[in-house]
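K.L.:
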Ligand code: G4P
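Numbering (this note's numbering), first residue to last: 26 to 556.
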């Protein structure tokens, strides 16, 4: 099989969490282990400050910097690790959902005091939908938090996934002494150390070894033995196949800021996590080992400089080998394109590359050819599926404040929608543009960018919708009758699909009751279900 060695070597994943659980800190520690950065703080500085919720300049600055940290690649234990960054700010959740289509597995970070939080739940839903293998890291064990067993129950119940601890904490907060590595049978003792990588591992293969009592004390040793016994009794043995199928999530405990429990996580990750996987297209399943190159665009980043409207499209290579200066087929446009300066992203450095393999992410300079979800191939006409849009949560109507600039406004909003900044629903009559987002911040980003990059002045007027549902039906008559009755609440999305804009949960339920043959989809992923 072609490129087999390169494929086997790669691990492409994303780290996700509710804001503040420690995603940035963990990312940074993984980069430290991998030698990709030398000092702590490098990633941290790049993140959108949580306080700056309405500071455009901050957003602008971040947009520029975050290109560099969008993909962080490093080598560890003979593997090439590609971490795809996901924005922590909840207003950019849609961006995170799309990035999850480009990864092969995920590490989910949980704060041991807060347990499962709102964002955790939503992100896990996406992982479940796509059957993405998940490893859970329970962070901040140096602080008092919930009882570990209670946390495991909470994870299983709220996230609807089976869990299996592979390390186990010895105490927590002030009494935190370390973790016992159930998987590799070793004891890692805790020493709060934010700068150095701790390597203080004692190998205890038999937990009844008296050395354990000497090292951590008799009582904690007894407790640990009891707890490990309970774990073996309650939880199924870890099965890599079940993890790869997305049915069971191994759990690790640690403290990212103190470099603790991170090595156990990374070592096991390298051992069990999947190498690049294939993806479904509208024609066939494509495997990484297929000869011909193919890939899809999952993210588009506008240039920071408003005078140059070029952008960077992030392409995930799915099969074959991507090569510089080679013509590839842009399937949607039916056009051949070649790329003289494709870039890879190694921690903070961007560099031009000559080739890339399945699992890699390549940055392509773009002058407006790409939309999120586009497919590039070596010639085959097929499209990757399943870059979903989710129902937005906030809806506002876009009003033009300068009739002389309506062309610029039209162009600007279309391009921002292609970039995935927001979703656009067009209502007739009147071509009214309803912009939907998951957070208020996007409206500020859009207004700011429309004026600065396109010279178009606009205003947003809040519209009282609760959800956008994509409608499909096999019953044409019922569909037509629904469309007549609800014409004021219908719109078309960017691909001309029919969308119902429901004002309340109640009205949505009523519609579902009155039109039983219609399916009200909460995400545009339905295209995957029905084709
Ligand atoms: P995020 O990307 O998920 O939003 O979280 P981030 O890593 O920024 O971490 C959020 C806060 O939690 C940070 O504190 C960070 O230092 C802290 N933190 C991360 N891991 C641990 C841990 O293992 N133990 C403890 N006690 N704290 C941890 P901050 O005050 O917001 O920032 P900073 O001033 O410390 O940089």
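Where is the CB? At the ideal position from N, CA and C, for every residue including glycine.
Could you give the distance in angstroms between the alpha-carbon of residue 546 and the alpha-carbon of residue 229?
P.N.:
As a working mapping, residue 546 is identified with position 521 in the chain shown. As a working mapping, residue 229 is identified with position 204 in the chain shown. Those two C-alpha atoms are separated by around 52 Å.
K.L.:
CB-CB under 6 Å to residue 443, same chain, minus the five flanking residues each way: which ones, in chain order?
P.N.:
Here the question's residue 443 lines up with position 418 in the chain shown. Taken in chain order, the residues that qualify are 396.
K.L.:
Can you tell me where the alpha helix (DSSP H) holding residue 474 begins and where it ends?
P.N.:
As a first step, residue 474 must be located in the chain shown, where it is residue number 449. Where residue 474 is concerned, the enclosing alpha helix (DSSP H) stretches over 466 to 479.
K.L.:
Have a look at residue 382 and residue 537 and give me their C-alpha separation to the nearest angstrom.
P.N.:
Position 357 of the chain shown holds residue 382. Position 512 of the chain shown holds residue 537. In a straight line, the C-alpha of residue 382 is about 46 Å away from that of residue 537.
K.L.:
Pick from 495, 377, 432, 403: whose alpha carbon is nearest that of residue 417?
P.N.:
Counting from 1 along the chain shown, the entry for residue 417 is found at position 392. Selected option, being the one with the closest Cα: 495.
K.L.:
Might you give, ordered along the chain, the residues of its own chain that have their beta carbon closer than 7 Å to the beta carbon of residue 462, omitting 5 neighbours on each side?
P.N.:
Against the chain shown, residue 462 aligns to sequence position 437. Counting only Cβ-Cβ distances below 7 Å, and skipping sequence neighbours, we find 417, 419, 447, 468.
K.L.:
With distance defined between alpha-carbon atoms, name the residue in 493, 426, 58 nearest to residue 452.
P.N.:
In the chain shown, the residue the question calls residue 452 occupies position 427. It is 493 whose Cα lies nearest to the Cα of residue 452.
K.L.:
Find out if the Cβ-Cβ distance for the pair residue 159, residue 274 is shorter than 8 Å.
P.N.:
Counted from its first residue, the chain shown places residue 159 at position 134. Counted from its first residue, the chain shown places residue 274 at position 249. Closer than 8 Å, so yes.
K.L.:
Measure from the alpha carbon of residue 400 to the alpha carbon of each residue in 298, 318, 207, then state which is nearest.
P.N.:
The residue given as residue 400 occupies position 375 in the chain shown. Measuring from the Cα of residue 400, the nearest candidate turns out to be 318.
K.L.:
What does a CB cutoff of less than 8 Å around residue 424 pick up in its chain, not counting 5 residues either side in sequence?
P.N.:
To locate residue 424, count along the chain shown from 1; it is residue 399. Around residue 424: 483, 484, 485, 486.
K.L.:
With DSSP run on the structure shown, which of helix, strand or coil describes residue 186?
P.N.:
Within the chain shown, the letter at position 161 stands for residue 186. Residue 186 falls in the coil class under three-state DSSP.
K.L.:
What would DSSP say about residue 274, mapped onto helix, strand or coil?
P.N.:
Against the chain shown, residue 274 aligns to sequence position 249. Note: residue 274 maps to strand in three-state DSSP.
K.L.:
When the Cα atoms are used, what is the spatial distance from residue 28 to residue 256?
P.N.:
Counting from one through the chain shown, the residue named residue 28 turns up at place 3. Counting from one through the chain shown, the residue named residue 256 turns up at place 231. Straight-line Cα distance between these residues: approximately 41 Å.
K.L.:
What is the C-beta distance between residue 54 and residue 284, in whole angstroms, given that I count them as a contact (C-beta under 8 Å)?
P.N.:
Along the chain shown, read from residue 1 onward, the residue named residue 54 stands at position 29. Along the chain shown, read from residue 1 onward, the residue named residue 284 stands at position 259. Confirmed, about 6 Å.
K.L.:
Just the C-alpha distance for residue 281 and residue 194, rounded to the nearest angstrom, thanks.
P.N.:
For the purposes of this step, residue 281 is taken as the residue at position 256 of the chain shown. For the purposes of this step, residue 194 is taken as the residue at position 169 of the chain shown. When rounded, the distance between both Cα atoms is 14 Å.
K.L.:
Roughly how many whole angstroms lie between the Cα atoms of residue 169 and residue 138?
P.N.:
Numbered from 1 along the chain shown, position 144 holds the residue referred to as residue 169. Numbered from 1 along the chain shown, position 113 holds the residue referred to as residue 138. Computed Cα separation, rounded: 7 Å.
K.L.:
For the pair the region 36 to 51 and the region 136 to 151, tell me if three or more CB-CB distances fall below 8 Å.
P.N.:
Under the three-pair Cβ rule at 8 Å, the region 36 to 51 counts as touching the region 136 to 151.
K.L.:
Enumerated in chain order, which unbroken segments of the beta strand (DSSP E) with a length of 3 residues or greater are wholly contained in the region 373 to 409?
P.N.:
Taken in chain order, the complete beta strand (DSSP E) segments of 3 or more residues contained in the region 373 to 409 are 374 to 377, 386 to 391, 400 to 402.
K.L.:
Within its chain, find whatever has a CB closer than 7 Å to the CB of residue 76; leave out the 5 residues flanking it on each side and keep chain order.
P.N.:
For the purposes of this step, residue 76 is identified with residue 51 of the chain shown, where counting begins at 1. Reliability fails at residue 76, whose pLDDT of 39 lies under 50, so the model's placement of it is uncertain and the value that follows must be treated cautiously. Correct list: empty, nothing qualifies.
K.L.:
Name the two residues that bound the continuous alpha helix (DSSP H) containing residue 123.
P.N.:
The residue labelled residue 123 in the question sits at position 98 within the chain shown. For residue 123, the uninterrupted alpha helix (DSSP H) run begins and ends at 118 to 124, by DSSP.
K.L.:
With DSSP run on the structure shown, which of helix, strand or coil describes residue 209?
P.N.:
Residue numbering aside, residue 209 sits at position 184 when the chain shown is read from its first letter. Three-state DSSP puts residue 209 in coil, outside helix and strand.
K.L.:
By DSSP, does residue 299 sit in helix, in strand, or in coil?
P.N.:
Locating residue 299 in the chain shown gives position 274, counting from the first residue. In the structure shown, residue 299 sits in coil (DSSP, three-state: anything other than H, G, I, E or B).
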